[in-house]
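Undergrad: FYI, the numbering for the sequence shown is 650 to 1057, going by the numbering used here.
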Amino acid sequence: MTGILFILYIALGSALGFGLVSYAGLSIPVAIALGAVTTALLGQFHLLFSHVITAADSSDRMDALELSYEENDKRMTRIETRSEEVEASLKSELSERRDALVTEMRQLEGLIDRLAKSFETKLSRETSEPIAPQDDALLRTVKAALQDGRVDLHLQPIVSLPQRRVAFYEGFTRLREADGSILLPADFLDAARRARLLGVLDNMLLFRCVQIVRRLAERDRRVGVFCNISPNSLTDPQFFPHFLEFMKENRDLAGALIFEIPADRFENRSRQMREGMEKLIQLGFRFSIDHASDLALDLPRLQESGVRFVKVNGDTLIEQLRDPSGPRPVSNINRRLSGEEVAAVCSRFGVTLIAEKMEEEVSVVEILEYDIPFGQGHVFGAPKPIKSSLMQETAPPQDFIDRLSAFG
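(1) At 3 residues or longer, what runs of the beta strand (DSSP E) sit wholly inside the region 947–993?
(2) What does a CB cutoff of less than 6 Å around Ala905 pick up in its chain, not counting 5 residues either side in sequence?
(3) Going by beta-carbon coordinates alone, are Leu948 and Cys995 separated by less than 8 Å?
(4) Are there 16 or more other CB atoms within 10 angstroms of the CB of Gln969, so buried, or fewer, so exposed?
(5) How about Gly925 and Ala903: do their beta carbons lie closer than 8 Å?
(6) Assuming Ile930 and Ala912 make a contact with CB atoms under 8 Å, what is their CB distance in whole Å?
(7) Would you be able to state if there are at least three C-beta pairs under 8 Å between the region 794–806 and the region 1025–1037?
(8) Taking only runs that begin and end inside the region 780–840, name each unbroken beta strand (DSSP E) of 3 or more residues, in chain order.
(9) Have a look at Lys928, Phe936, Arg864 and flag the residue whose alpha-carbon is nearest the alpha-carbon of Thr884.
(10) Take Tyr818 as the anchor and find which of Leu739, Ala786, Tyr1019, Val859 has the nearest alpha-carbon.
(11) Tell me the DSSP bridge mates of Phe936?
(12) Taking the continuous alpha helix (DSSP H) assigned at Asn852, which residues delimit it?
(13) Note down the Cα distance separating Lys590 from Phe915, rounded to an integer number of angstroms.
(14) Got a sec, what are the start and stop residues for the alpha helix (DSSP H) Leu1017 sits in?
(15) Output the distance between the C-alpha atoms of Arg825 and Ser974, rounded to the nearest integer angstrom.
(16) Would DSSP call Ile656 helix, strand or coil?
(17) Measure the C-alpha to C-alpha separation of Arg845 and Gln887 and round it to an integer number of angstroms.
(18) Grab the span of the alpha helix (DSSP H) containing Leu929 for me, first residue to last.
(19) Within the chosen definition, does the region 827–837 reach the region 889–904 through at least 3 CB pairs nearer than 8 Å?
(20) What whole-angstrom Cβ distance do Ile653 and Thr688 have, given they're in contact under 8 Å?
(21) Can you find the residues in the same chain that come closer than 8 Å, C-beta to C-beta, to Phe821, ignoring five residues on each side of it along the sequence?
(22) Between the beta-carbon of Asn962 and the beta-carbon of Lys897, is there less than 8 Å?
(23) For Leu948, decide whether its Cβ has a neighbour in chain D, counting only Cβ atoms nearer than 8 Å.
(24) Please specify which runs of the beta strand (DSSP E), each continuous and at least 3 residues long, are wholly inside the region 682–744, giving them in chain order.
(25) With DSSP collapsed to three states, give me the class of Pro886.
(26) Count the other C-beta atoms from every protein chain shown that fall within 10 angstroms of the C-beta of Met853, then say buried if there are 16 or more, exposed otherwise.
(27) Just to confirm the assignment, what range does the beta strand (DSSP E) spanning Ala945 have?
(28) For Lys960, does the count of other Cβ atoms within 10 angstroms reach 16, so buried, or fall short, so exposed?
(29) Can you list, in chain order, the residues of its chain whose CB lies under 8 Å from that of Leu1017, leaving out five sequence neighbours each side?
(30) Between Glu1015 and Arg971, what straight-line distance do the alpha-carbon atoms span, to the nearest angstrom?
(31) Buried or exposed for Leu657, please, with buried defined as at least 16 other CB atoms from any protein chain shown within 10 angstroms of its CB.
(32) Give the secondary structure of Asn881 by DSSP, where H, G and I count as helix, E and B as strand, and everything else as coil.
(33) Can you find the residues in the same chain that come closer than 7 Å, C-beta to C-beta, to Ala841, ignoring five residues on each side of it along the sequence?
(34) With a threshold of 8 Å on Cβ separation, who are the neighbours of Ser773 within its own chain once the five nearest residues in sequence on each side are excluded?
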């Protein structure tokens, strides 16, 4: 468009020059010069006018940009304000949910304590029930065995797999009658519980286990001993302080002595039992739970509670590991575990699986397919009494027996 206008300006200048020559009678050079000047002036006016228009357009554009920037700034401010409001709302909601969860946990803890107290009350009621004549005779036999120190220790090996090397022993309590016959736990435990003598039994068994561990250490045999204790011993205000003091004196054996409690009592433990376990854990001792019904183990909880071994019936273990939809441990792995992975995942949380009650060789072959590290059962060895000479060496001193018997 600008080029056309300049051609028009030249035409106007030429027409002016031609008119000056034809009508004004000016000479041709003068007419040409005046025409050129006219063309130049028209071009200058055009350029000046164009600059004015361009400047106005630029100013309008700058104003529009400034308005756009201001609008964007306002939008950003509104977005930031909204983000802060959302963040504050989320924090408030999370805080409320956390408080609600804490409240629910406290209520649950209170419920567990009430259930534990109810259970203990039921036990105390059972204790106050009249004792049948046959129970009375059995109770006299139990008390006599305790007072005379006829509490024997039988050991059953726990072997590493597949080597079948003895890695641990489990200690079992047996009472000897005056004529030398043996009373099994199934015969005397109920009577001992009714008479509140389980703590006495646990302390005597513990004394022998400690002495056995010391004898094994002297022979440079790095073999641990599982010592069964009654959950009631961890909550009994009479026996537990004596029990704890004895363990403080022998805390150097923490790496070789493992306390074992039933899985169902661990799952339903009271606050007093939990506190008793924590005091032993603080001394460095570890725990094992036996008779676990399935593999739905809460590994983080077990790790936090000081449980380092879990015993599951060998046949149950094989059945659940073989089943792709069978129970699996709770862990931080967000996918379903295969049977071959279960033992390794447990070990990541410091929990070792032991296949107990292994009775047949075919079961051993099957359990090896799943890399279970330890086995226990008659196929590896039945519980056997320690040698009579060692029985005498590890017998509790008379003042120890008298102190414990006084509680019963």
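Ideal Cβ positions, reconstructed from N, Cα and C, are used throughout, including at glycine.
TA: In short:
(1) 956–962
(2) Annotation for Ala905: Val862, Gly873 place their beta carbon closer than 6 Å to its own, counting only its chain and skipping 5 residues before and after.
(3) yes
(4) Counting Cβ neighbours within 10 Å, Gln969 comes out buried, since at least 16 surround it.
(5) Not a contact, by the Cβ cut-off of 8 Å.
(6) Contact flag wrong, Cβ pair sits at about 18 Å.
(7) yes
(8) 800–809, 815–825
(9) Lys928
(10) Val859
(11) Phe908, Val956
(12) 847–867
(13) Residue numbering for the chain in the displayed model covers 650 to 1057; residue 590 lies beyond these limits and cannot be assessed.
(14) 1010–1017
(15) 47 Å
(16) When DSSP states are grouped into helix, strand and coil, Ile656 belongs to the helix group.
(17) 10 Å
(18) 920–931
(19) The region 827–837, when compared against the region 889–904, does not touch it at the 8 Å Cβ threshold.
(20) In fact, because the Cβ distance is near 14 Å, the residues do not count as touching under 8 Å.
(21) Leu802, His803, Leu804, Gln805, Pro834, Asn877, Pro1032
(22) Inclusion of Asn962 and Lys897 in the CB contact set at 8 Å is not warranted, their separation being larger than that value.
(23) Of the protein chains in this structure there is only one, and it is not chain D.
(24) none
(25) coil
(26) buried
(27) Counting along the chain, Ala945 falls outside any beta strand (DSSP E), and DSSP gives it neither H nor E.
(28) With 16 or more other Cβ atoms from the protein chains shown falling within 10 Å of its own Cβ, Lys960 counts as buried.
(29) Leu810, Pro811
(30) 10 Å
(31) exposed
(32) helix
(33) Answer for Ala841: Val791, Leu847, Leu850, listed in chain order.
(34) Its pLDDT being 49, under 50, Ser773 is placed unreliably in this model, and the value from its coordinates should be taken loosely. Once the five neighbours on either side are set aside, Ser773 has no close Cβ partner at all.
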